[in-house]
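Protein chains in written order, with my numbering: chain A, 1 to 414; chain B, 1 to 414. All C-beta atoms, glycine included, are put in the ideal place defined by N, C-alpha and C. The next block holds one structure in the form of structure tokens; read it before the comments.
Written as structure tokens, this is what we have:
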């Protein structure tokens, strides 16, 4: 195959398979997909995909963690793995996760129908419970050997259903998830295609994103405590208004990013509770979240330090008591530079524009970077929407993404 | 009686009566007073006060609205009325309302024991349901003729209990409240003593407030609508963050007051709801209240106009949809200038410092200014606290307030 006339995936076939998959767990009332991890619909989708693959002569199996593996070629050499997740959030869309798995399946089909000779076997991975019913990233952590028995036994969903019980109900032995770990030396690369789930590519009119990594994230719960006064009798200058402290902080967020962050920094106040929360009462307490992100852990530390310094000053100014609880701190993870280079090279060879970018959301790929060469391709999400029934990506972008993935797979496998 | 050696109320007697009253509806668990309008405790307090007055030879009656009237002297001349409310908020303090009624009773006792000759009869009024169980200001509106049958029949509390049923349960005929209207020509003046319920006098160390009026108040419910994005994938400059719009507005409140308000202006954001309200999601909607106050209706209008202009600009800047609902608009009400002058003159004669000030909270007095000469005296609330068990006012301030009230009553009645 020449660079000037590269192999192409079959878009009508990929589209038909994606749409067929989207019937599983579809709710006609809200048009959403309901395939949360280890629900009947989730398992039905996995069995459907395995049956499809077997029918077409591919290898297929489900590992102990519920991950689906499809394949072509013996594991006498390290495998090139293409994957993403098969589960969905409740009321999700048809592309999130499914796109990457079905693009992998389409690549298997393309390779097979062109009788390409492979130096390395191909494997397609549909991971289990990525979206978070039981905490998320379960299947991929099983593959990279990150699970513990304690983890498996303690995980439960928001309704109090234990992961172990949900797995048993689906005929799976929870402890068998520990056997799903893949020997590091048997993987040559992990490649993933996913929708961006953000507005950047769509807004800027760029069809492809080459992801540099998953930004690190910290979450704080902040408590500002002042004094709840009568909104009529307390003069403005005698108040200790906790909400005004919060508002002053929010006003400083852009300055904090300008001074201590990067263009990849994000600081978000997403949840606010005021007490007592009456229109005619000066808020005595404000409890709110801060979620900060960046691609550099040092920048994350500088942003956190700036948030704390700013809040301390604001608390003094408004006579508030300030405290915060750092609920979580996850450092950034990086895609493998050689894979990033490969993706850029292949996009250029096709003459397609692309953007190097961080991912602000977590993806299966982030766990593979520790054990193999790993990379992630984004295609645009219309209006940046995902995790909703109106999640959409244009089919010509699906085709471009799958073809770029194909080019990279062939480079690594042939 | 000379100005240099004026008559004094009897503080130990006033204190003993106030403390006795505070046993009615007292909850030993939270130390709060529970005498919401037309509860058993509220009615017990009214009957107790009437029995006290009758026992000492004063006139006593309950009108059709549940207001208690105590008196000295025949109504052959317009009466000087001293009043406040006898009901409390749930978990209230011992001074709010009760102070003014019991100070009036103490003045009756003082006048009687000194055998003072009155040109005008004295009446002490303990109003019903001022605090708002059924909307508030019920008793005083009955006295000034402001009730309608529709109002009486439609009023209900937060538990869905109708005012009419609550009154019937206490042996009152709800429609008899319409007969409680006092003939305008039979009132010479209405004078009230109340705790400030705010921090100004306590903070500034001034023992007395001469109230100029009740500030007008408007209440808005504002809706800013942007777009709920993933807090990781949406860059700061591509967001339509409704909370950031609210924070920008809050940041402008002091400027709005500086530019368009007065030192009596108050603008408060007391209640905030973010949607969806998740830490990892950019807030797509912010619904919040604005309560604005001033002593001038024109200033209120300018403040409201400035709030709207500011919000429109902020909405454009953050790409938000902005709308608001003006839930209420009540103009300011003013105490009678001659009564304000009288209170100032009497305070000066005693050598006491005082401050002219607005009231940011509503009081019975505001309804009397339309039918008679009316005025209100404040004493300090420790730390500005009221509507709570730890509401407190120092006894020496109680004594000063009651004596200033006495001086004004005697000036009008003798």
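- In this structure, residue 66/A and residue 105/A do not form a Cβ contact; the two beta carbons are roughly 18 Å apart against a cut-off of 8 Å.
- Note that the stretch 202-215 of chain A touches the stretch 334-347 of chain A; at least 3 beta-carbon pairs, one per stretch, sit closer than 8 Å.
- Among the bridge pairs identified by DSSP, residue 291/B is matched with 219/B and 268/B.
- From the listed residues 319/A, 330/A, 259/A and 288/A, the smallest Cα separation to residue 306/A is found for 259/A.
- With its beta carbon less than 8 Å from one in chain A, residue 196/B belongs to the interface.
- For the stretch 228-241 of chain B, residues whose beta-carbon sits nearer than 7 Å to a beta-carbon of chain A comprise 229, 230, 231, 232, 233, 234, 235, 236 and 238.
- In this structure, residue 368/B lies near residue 190/B, with their beta-carbon atoms less than 8 Å apart.
- In the DSSP assignment, residue 35/B falls outside any beta strand (DSSP E) and carries neither an H nor an E.
- Closest in C-alpha terms to residue 100/B, from the list 234/B, 254/B, 286/B and 130/B, comes 130/B.
- Residue pairing of residue 69/A in beta bridges, as defined by DSSP: 61/A and 125/A.
- For the stretch 95-156 of chain A, the full-length alpha helix (DSSP H) segments reaching 4 residues or more read 98-113, 138-143 and 149-154 along the chain.
- DSSP places residue 384/B in the helix class (H, G or I) of the three-state scheme.
- Against chain B, the beta carbon of residue 203/A has neighbours under 8 Å at 238, listed in chain order.
- With the rule of 3 Cβ pairs closer than 8 Å, the stretch 381-392 of chain A does not count as touching the stretch 168-183 of chain A.
- According to DSSP, residue 55/B shares a beta bridge with no other residue.
- At least one CB atom of chain B sits nearer than 8 Å to the CB of residue 219/A.
- Any Cβ of chain B closer than 8 Å to the Cβ of residue 366/A would place that residue at the interface, and such an atom is absent.
- Across the structure, residue 255/A and residue 346/B are spaced so that their CA atoms are roughly 56 Å apart.
- Counting only the Cα atoms, residue 149/B lies some 29 Å from residue 71/B.
- In this structure, 252/A is the residue among 54/A, 236/A, 359/A and 252/A with its C-alpha nearest to the C-alpha of residue 314/A.
- Two segments are said to touch when three or more pairs of C-beta atoms, one from each, lie closer than 8 Å; by this definition the stretch 106-123 of chain A does not touch the stretch 221-232 of chain A.
- For residue 341/B, the closest of 206/B, 291/B and 404/B by C-alpha to C-alpha distance is 404/B.
- Within chain B, 270, 271 and 272 have C-beta atoms less than 8 Å from the C-beta of residue 277/A, given in sequence order.
- When C-beta atoms of the stretch 352-361 of chain A are compared with those of the stretch 315-331 of chain A, fewer than three pairs fall below 8 Å, so the two segments do not count as touching.
- Fully contained in the stretch 340-384 of chain B are the following alpha helix (DSSP H) runs of length 4 or more, in chain order: 365-368.
- At a cut-off of 8 Å between beta carbons, residue 200/A contacts chain B.
- Taking C-alpha positions only, residue 311/A is separated from residue 228/A by approximately 19 Å.
- Per the Cβ contact rule, the stretch 242-250 of chain B is not in contact with the stretch 323-330 of chain B (fewer than 3 Cβ pairs under 8 Å).
- Beta-bridge annotation (DSSP): residue 330/B is paired with 217/B.
- Within the stretch 152-202 of chain B, complete beta strand (DSSP E) segments of at least 3 residues are found at 187-195, given in chain order.
- Rounded to whole angstroms, the Cβ separation of residue 9/A and residue 107/A is 7 Å, and the two are in contact under 8 Å.
- Here residue 283/B really is in contact with residue 242/B; their C-beta atoms are around 5 Å apart, less than 8 Å.
- Listed in chain order, the non-local C-beta contacts of residue 110/B below 6 Å within the same chain comprise 9, local neighbours out to five positions each way being set aside.
- Taken atom to atom, the span from the alpha-carbon of residue 304/A to that of residue 68/A is near 40 Å.
- Contact annotation: in the stretch 277-306 of chain B, residues whose CB is within less than 7 Å of a CB in chain A are 277, 278, 279, 280, 281, 282, 283, 289, 291 and 293.
- CA-CA distance, residue 58/A to residue 126/A, rounds to 15 Å.
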